[in-house]
Every structure is written in structure tokens, then in C-alpha cells.
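Structure first, then comments.
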Amino acid sequence: MPTERKKVTIPDLQAKKEEGRRITMVTAYDYPNGVLVDKAGIDIILVGDSLAMVVLGYENTVPVTMEEMLHHCRAVARGAKHPMLVGDMPFMSYQVSIQQAVDNAGRFLKEANMDVVKLEGGLERVQVVRAIVDAGIPVMGHIGLTPQTISKLGGFRTQGKSLGAAIKVVEEAVALEEAGCFSIVLEAIPDRLAAIVTKRCKIPTIGIGAGPDCDGQVLVLHDMLGMFDRFTPKFVKKYANLSELGVQALQQYVDEVEKGTFPGPEHVFTLKDDVYEALLGELEKRGV
Ligand code: KIV
């Protein structure tokens, strides 16, 4: 008999790291994609603030609000029942005060059915991470390229390339682990640096543009399925080109509607002959 799939938990991820089994994670932002990712058997769904760019069309992730994030988290949670669900804390939802950070982290669990939260930053976020974890909310860290501080970093570019910067990445990972993070995303750092961090940390690392030696990998769904054309980072592999397929399907629809071949007989609701004849007669009698 097939075993029933269970919800992915933090101990499951930890066991994967310890047994050398890779962790899979992708983003999703709505109900149908939540269903899709769940069906594919992915371990973790991140409702990423990348939705600002790939769903809402903003230039970067900075403008997205708590309310928008919660709205999309709820939709994903309605569709995805087995993956661990990570709510991404948007810019300025955890930077103003520790109280504000704990309150907002709590909203992801109480109001949007997320299991855990993720936030960006290293040493400067240690206190906030500790406070959220102390409140009983698991936190995933995110270091390396942190898109919310893109202007400070000088653009979307690889981090940790110099000796000093590489040491800082290792120190940040260790500090976040000590502060209580259950996992850390490593974004856009050199592969050998990610391997060092992964070896030094007891908690799982999830890489995006961080090479193959992380404990897991994450990609933005719209990048990997070819649904976001504005730009594709070097670290993305396009597993499908859904926007091309979508345009082809829409062009065929336009063509068939214009020719009158859609809808066909199989898409139509019919009226019985006697009702049809009676209707015509009745309308004529009434002069309609
Ligand atoms: O928002 C997001 O999609 C992310 C990933 C790039 C890890 O933070």
C-alpha cells in the first residue's frame, strides 16, 4: 500500500542534511502554483518577496507590503498541503524594532498559515532572529546577495568574492545558526565558499547561485518555468518555457475565435428541439 505523504517538518530537513539527501525548495505565490509544487513533491515552498517582481511587476523587491505578502501566502497555503511553507518577511517589516519584527512574524503564522518565516541579513539581524525564535516562530536566514538591500550592495552581483567578504559570510552564517535559525539561504556566493559554510553549519543551507554543495537548492518558480522574461540570472536553469507555450496557446485561441471554430460542438450547452421550437413560437406571439 502506498504510504501517505506527510507534511515536511524541520526535523525532516535536518535528517536530510545529516543523511546527505538534498533538500528541494521553490517559490510559489498563488493557489494553482501551490497545488503544482505540492504535486511535484518539493520539500519547501517559499512565498518569496520576489513576487514583487515576478507577479506584481515592480523593479525590485522593496515595495511589496506585509498585506500583499499575507494575501499571497494564504492563497498558496490553500493549495499546498505537504511542503513546509515559508513566509518571506518584506522590507521594513522587521527592521524598525524587535517588537515590530516579532508581531509581523507572528502574522505569517496566525493569519496566513505559514509554518516558518524567512528574513534577510547577517550580523545586524541576530537579535531580531533570536527574539522571533524565542517567540516560538522558526526562522530561515538569508545571506550573501540580499535583494532587499540591493542599493547598498550596488546591484544584483555575486557576494563574498574577496577574502574579507568571504570571512564575513562565514561569520554571518555561524551567528545566524547560534541565534537559532533552523536553515539559511545562501544567495549568489562562490561555490567553494558555500561549501565551507555548509560544512561548518549544523543546520541545512539552501543555495541559489551558490553551487552544488549546499544541502538544498531553491529557484524562483517563474524563472525556472520560463514565466518571467525581464532578466534571467546566470544561476537559473529554465526547465520549461511556459510563457512561449502560453503565447502560442493564446494566438491559437485568437485565430479560432476569429475563424469561428471555437467554441466547437463539444463546448456547447444544447436546447432540446421541442423547447427551441416552442421558444421561437412564443417569442413571435409576444412580438419579442
Ligand atoms: O524572494 C525570493 O524568491 C527569495 C529567493 C531568491 C531565495 O528570497
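Here the sequence shown stands for residues 1 to 288, numbered as in the numbering used here. Each residue gets a CB set at the ideal place from its N, CA and C atoms; glycine is no exception. The structure presented is a predicted model; accordingly, all values stated were derived computationally and were not measured.
Of the listed residues the options, nearest to residue i (C-alpha basis)
i      : options                     : result
LYS81  : VAL64, LYS7, GLN99          : LYS7
PRO90  : MET84, ARG157, ALA52, GLY79 : ALA52
GLY180 : MET140, CYS214, GLU120      : MET140
GLU59  : ASP49, GLU277, MET66        : ASP49
GLY155 : LYS199, VAL116, THR61       : THR61
PHE262 : PHE269, TYR253, THR270      : TYR253
GLU18  : LEU242, VAL275, LYS199      : LYS199
Close beta carbons around residue i, own chain, < 7 Å, minus the five adjacent residues each side
i      : result
ALA240 : LEU225, GLY226
ASP38  : GLY79, ALA80, LYS81, HIS82, PRO83
PRO11  : none
MET5   : The sequence as given places Arg at residue 5; Met does not occur at that position. Closer than 7 Å at the Cβ level, and outside the excluded window around ARG5, lie HIS82.
Cutoff 8 Å; reference residue i; Cβ partners in own chain excluding five residues on either side
i     : result
ILE98 : GLN127, VAL128, ALA131
LYS16 : ARG22, ILE23, ASP43, PRO204, ASP215, GLY216
Beta carbon of residue i nearer than 9 Å to that of residue j
i      : j      : result
VAL302 : TYR31  : Since the displayed the chain opens at 1 and closes at 288, residue 302 lies outside it and no answer follows.
HIS142 : GLU120 : yes
VAL116 : GLY144 : no
LEU339 : GLU111 : Because the chain here runs from 1 to 288, residue 339 falls outside it and cannot be looked at.
CYS201 : VAL174 : yes
CYS73  : GLY57  : no
Beta-carbon proximity list for residue i, same chain, < 6 Å, skipping 5 on both sides
i      : result
ALA166 : GLY160, LEU193
PRO147 : THR61
GLN248 : none
ALA105 : VAL117, ILE132, ILE137
ASN295 : One cannot answer for residue 295 here, as it falls past the ends of the chain, which runs 1 to 288.
I'd like to know if the stretch 214 to 225 and the stretch 18 to 28 are in contact, where contact means that at least 3 CB-CB pairs between them fall below 8 Å. Between the stretch 214 to 225 and the stretch 18 to 28, the count of C-beta pairs closer than 8 Å reaches three or more; the two stretches touch.
May I ask you to verify whether the stretch 207 to 214 touches the stretch 180 to 196, counting CB pairs closer than 8 Å and requiring at least 3? Yes: at least three Cβ pairs fall under 8 Å.
Unbroken stretches of the alpha helix (DSSP H), 4 residues or longer, contained in the stretch 150 to 181: Counting only runs of 4 or more residues that sit fully inside the stretch 150 to 181, the alpha helix (DSSP H) segments are 150 to 153, 163 to 179, in chain order.
Pick out the complete alpha helix (DSSP H) segments inside the stretch 100 to 130, 4 residues or longer, and give them in chain order. DSSP runs (the alpha helix (DSSP H)) wholly in the stretch 100 to 130: none.
Give the list of continuous alpha helix (DSSP H) stretches no shorter than 4 residues that lie fully inside the stretch 208 to 247. Counting only runs of 4 or more, we get 221 to 224.
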